[in-house]
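Below: one structure, written as structure tokens.
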Amino acid sequence: GRYSVEYAPKAASVASDEQHYGRRKLKYLALIASDRTLRQFGSTGTVPPKFVEADGELVRKGGVFAKLRSHERLDLELMAGRGIVTRTTVEIDLKAKRPAPRIDVASIEAQTIALAAEAPYEHVSGVFDMDSAKIGDRTFDQVISRLESLAGERSKVDLAARRNGQVDSTKTPADTERARAWAAGSLQDFVALAAMFRQNPDYIGRAMAHVRGASPAASAIMSGLGAAGTEPAQLALLELMRDDKFVNETLRYEAGYNLLRTKTPTRATALALQGLLHDPSWREHAVLGLGTFVRHFGEAGQTADMTEFGDVLVGELRQSNTTSDRIEVLTGISNSGYVPALAAIKPYLTDANDDVRLAAVQSIRLMQHPDVDALMLAGVRDATSSAVRVGAVEALNNRNYTAALAQALTERLQSETDANARQRVLELLVRWSDKQPALFTAIKQAAVNDKSEMVRASAQQALAARSKG
Numbered sequence: 015g016r017y018s019v020e021y022a023p024k025a026a027s028v029a030s031d032e033q034h035y036g037r038r039k040l041k042y043l044a045l046i047a048s049d050r051t052l053r054q055f056g057s058t059g060t061v062p063p064k065f066v067e068a069d070g071e072l073v074r075k076g077g078v079f080a081k082l083r084s085h086e087r088l089d090l091e092l093m094a095g096r097g098i099v100t101r102t103t104v105e106i107d108l109k110a111k112r113p114a115p116r117i118d119v120a121s122i123e124a125q126t127i128a129l130a131a132e133a134p135y136e137h138v139s140g141v142f143d144m145d146s147a148k149i150g151d152r153t154f155d156q157v158i159s160r161l162e163s164l165a166g167e168r169s170k171v172d173l174a175a176r177r178n179g180q181v182d183s184t185k186t187p188a189d190t191e192r193a194r195a196w197a198a199g200s201l202q203d204f205v206a207l208a209a210m211f212r213q214n215p216d217y218i219g220r221a222m223a224h225v226r227g228a229s230p231a232a233s234a235i236m237s238g239l240g241a242a243g244t245e246p247a248q249l250a251l252l253e254l255m256r257d258d259k260f261v262n263e264t265l266r267y268e269a270g271y272n273l274l275r276t277k278t279p280t281r282a283t284a285l286a287l288q289g290l291l292h293d294p295s296w297r298e299h300a301v302l303g304l305g306t307f308v309r310h311f312g313e314a315g316q317t318a319d320m321t322e323f324g325d326v327l328v329g330e331l332r333q334s335n336t337t338s339d340r341i342e343v344l345t346g347i348s349n350s351g352y353v354p355a356l357a358a359i360k361p362y363l364t365d366a367n368d369d370v371r372l373a374a375v376q377s378i379r380l381m382q383h384p385d386v387d388a389l390m391l392a393g394v395r396d397a398t399s400s401a402v403r404v405g406a407v408e409a410l411n412n413r414n415y416t417a418a419l420a421q422a423l424t425e426r427l428q429s430e431t432d433a434n435a436r437q438r439v440l441e442l443l444v445r446w447s448d449k450q451p452a453l454f455t456a457i458k459q460a461a462v463n464d465k466s467e468m469v470r471a472s473a474q475q476a477l478a479a480r481s482k483g
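Sequence positions in the sequence shown follow my numbering and run 15 to 483.
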């Protein structure tokens with residue numbers, strides 16, 4: 015990416031003709047990545063990598079670059095509360111065999127881009143053409159042919175396994191190795207295919223013809239369309255979903271599934287899904303898809319689209335007349351994290367129907383609102399349904415650790431009567447114990463005192479893993 019760097023001169027060594035500069039990276043100004051990747055940084059789409067450590071030194075000798083030392087640590091938040099840490103050390107010593115050109119400071123200054131403090135960050139276009147690298151020297155026809163060949167071979171082995179009474183065709187070591195080879199080859203060609211769809215939309219029409227022609231690689235092709243993430247690819251999946259003349263029902267539902275998985279939905283795609291809300295064949299896909307799209311719109315900073323389609327789901331919830339309809343819409347909203355839906359959801363958190371209460375408590379799991387943790391804890395303490403309690407704890411896996419949540423769950427671990435619910439509470443406390451080691455006190459008690467052998471064994475495994483770590 016593009017980042018700002020501070021160079022601070024140090025004392026020069028007259029004897030060795032060396033000039034030392036302290037080198038420190040300050041911050042990222044832009045990232046070299048696709049628009050799709052940039053939209054995936056953080057829950058708001060605005061979380062660049064942060065330099066936690068950025069120490070280094072640059073040495074000039076005789077007026078030319080001679081050495082570089084750099085050690086840096088980056089913190090990158092991938093989603094709310096979760097991230098990765100990278101550490102990089104670089105050491106370069108140049109041993110010139112012939113006189114190197116002297117540094118032309120005036121030329122460097124002439125090419126330097128200066129941004130005023132109030133200037134907006136720039137978006138850097140992709141300096142590295144990653145899609146071309148993924149494609150390499152492959153052609154579209156070669157990729158399709160290989161995917162079809164691999165699919166055909168796998169189909170034959172699966173058929174033979176079923177004839178022999180095997181449920182799994184990878185039971186033997188030889189079959190397992192063959193499956194791994196297929197997976198490796200398929201993955202490379204699949205990645206290349208998605209890149210081709212992004213680079214050249216003309217390939218999309220040809221791919222659709224293969225699907226309609228019942229190609230053995232039809233599933234892989236539609237997955238590639240979903241992974242491509244472009245509007246033409248999404249519209250192609252929509253067209254295949256609706257094509258009941260040339261595409262069988264199984265493949266049409268696969269097309270719908272791949273459309274729901276796209277991380278870069280467009281307004282046109284969302285409008286098309288909205289149009290399917292009252293089609294009995296596609297309503298479930300449409301509700302789930304819109305919920306996911308609403309979240310992606312929010313992550314990409316497309317507030318107007320997020321609001322428009324989030325309100326569509328709220329309207330569907332308010333118009334729902336049956337228990338199944340309510341559960342279906344609540345499940346769709348659970349993918350969205352759409353805070354304005356909270357007011358419409360609250361009445362269902364105390365609904366007389368257990369399944370509706372469960373769907374309601376899970377529907378708020380991604381919402382960033384101060385009331386949500388307390389509402390979910392009410393589900394954890396549900397008086398009449400262990401299924402609601404289990405579902406509420408599972409939904410809490412999407413929340414960030416807080417001392418209040420940890421305390422409430424610690425108490426629940428001791429008072430909960432259902433073993434499955436205690437197991438889910440224990441698993442969450444184990445995950446949070448990395449942030450709060452004091453939680454191991456409750457885990458130790460469960461390892462000895464819990465009435466369930468399953469819970470005791472899980473607690474003991476967690477303690478053993480910690481002692482090894």
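Backbone N, C-alpha and C fix where the C-beta goes; we use that ideal spot for every residue, glycine too. Quick caveat, the model's predicted, so the values are computed rather than measured.
Distance between beta carbons of residue j and residue i, contact taken as under 8 Å
| i | j | result |
| --- | --- | --- |
| Ser229 | Glu162 | 6 Å |
| Tyr17 | Lys39 | 5 Å |
| His383 | Leu363 | So it is not a contact: roughly 13 Å between Cβ atoms. |
| Phe65 | Lys41 | 7 Å |
| Leu440 | Ala460 | 6 Å |
| Arg83 | Glu105 | 6 Å |
| Asn434 | Val404 | 5 Å |
Host beta strand (DSSP E) of residue i (start-end)
| i | result |
| --- | --- |
| Asp69 | Lys64 to Lys75 |
Alpha carbon of residue i to alpha carbon of residue j, nearest angstrom
| i | j | result |
| --- | --- | --- |
| Gln474 | Arg436 | 14 Å |
| Gln428 | Asp396 | 15 Å |
| Ala392 | Gln248 | 40 Å |
| Gly219 | Lys148 | 21 Å |
| Ile359 | Arg309 | 17 Å |
| Leu344 | Ser377 | 6 Å |
| Ala478 | Asp448 | 14 Å |
| Ala242 | Arg212 | 6 Å |
| Lys170 | Gln156 | 21 Å |
| Met236 | Ala318 | 29 Å |
| Met210 | Ala165 | 20 Å |
| Ser183 | Arg168 | At Ser183, the pLDDT of 47 sits below 50, so the modelled position is not reliable and the matter cannot be decided from this model. |
| His34 | Asp145 | 40 Å |
| Glu253 | Thr283 | 11 Å |
| Val19 | Pro451 | 38 Å |
| Asn349 | Leu410 | 14 Å |
| Lys277 | Thr244 | 10 Å |
| Leu108 | Glu86 | 21 Å |
| Asp432 | Ser400 | 6 Å |
| Asp385 | Tyr415 | 15 Å |
| Arg332 | Val469 | 40 Å |
| Thr336 | Arg297 | 14 Å |
| Arg340 | Val375 | 13 Å |
| Asp464 | Ala471 | 10 Å |
| Gly329 | Asp365 | 19 Å |
Limits of the unbroken alpha helix (DSSP H) element including residue i
| i | result |
| --- | --- |
| His299 | Arg297 to Glu313 |
| Gly405 | Ser400 to Leu410 |
| Tyr217 | Asp216 to Arg226 |
| Arg395 | First-last for Arg395: undefined, no H or E at that position. |
| Thr276 | Segment: none, Thr276 is in no alpha helix (DSSP H) and carries neither H nor E. |
| Glu463 | It should be noted that the sequence gives Asn, not Glu, for residue 463. First-last of the alpha helix (DSSP H) with Asn463: Phe454 to Asn463. |
| Asn349 | Premise fails: Asn349 is in no alpha helix (DSSP H) and is neither H nor E. |
| Pro246 | Glu245 to Arg256 |
| Arg480 | Glu467 to Lys482 |
| Arg445 | Ala433 to Trp446 |
| Phe323 | Thr317 to Gln333 |
| Thr416 | First-last for Thr416: undefined, no H or E at that position. |
| Ala145 | Here the sequence assigns Asp to residue 145, which means Ala is not the residue at that position. Met144 to Ile149 is the span of the alpha helix (DSSP H), which, as asked, contains Asp145. |
| Leu291 | From DSSP, Leu291 is part of no alpha helix (DSSP H); its letter is neither H nor E. |
| Ser233 | Ala232 to Ala242 |
Which residues DSSP lists as bridging residue i, in chain order
| i | result |
| --- | --- |
| Phe79 | Arg74 |
| Lys109 | In DSSP, Lys109 forms no bridge with anything. |
| Lys39 | Val19 |
| Gln33 | Arg74 |
| Thr364 | For Thr364, which the question treats as bridged, DSSP gives no partner whatsoever. |
| Leu380 | Leu380 is not bridged to any residue. |
| Thr103 | His85 |
| Ile122 | According to DSSP, Ile122 bridges with nothing at all. |
| Leu90 | Ile98 |
Interface flag, residue i vs chain B, CB-CB below 7 Å
| i | result |
| --- | --- |
| Val402 | Protein chain content of the structure displayed is limited to a single chain, and chain B is not contained in it. |
Residue i: CB within 6 Å of a non-hydrogen atom of the ligand COA
| i | result |
| --- | --- |
| Leu304 | The ligand COA is absent from the structure shown, which contains no ligands of any kind. |
Checklist entry - If you pair each beta-carbon of the region 316-325 with each one of the region 357-377, do three or more pairs fall below 8 Å? => result Proximity of the region 316-325 to the region 357-377 falls short of the contact definition, fewer than three beta-carbon pairs being nearer than 8 Å.
Checklist entry - Is there contact here, the region 445-462 with the region 415-424, by at least three beta-carbon pairs under 8 Å? => result Contact between the region 445-462 and the region 415-424 is present, because at least three Cβ pairs lie under 8 Å.
Next on the checklist: Quick check: the region 300-309 against the region 249-260, are at least 3 beta-carbon pairs closer than 8 Å?
Outcome noted: Counting Cβ pairs under 8 Å, fewer than three are found: no touch.
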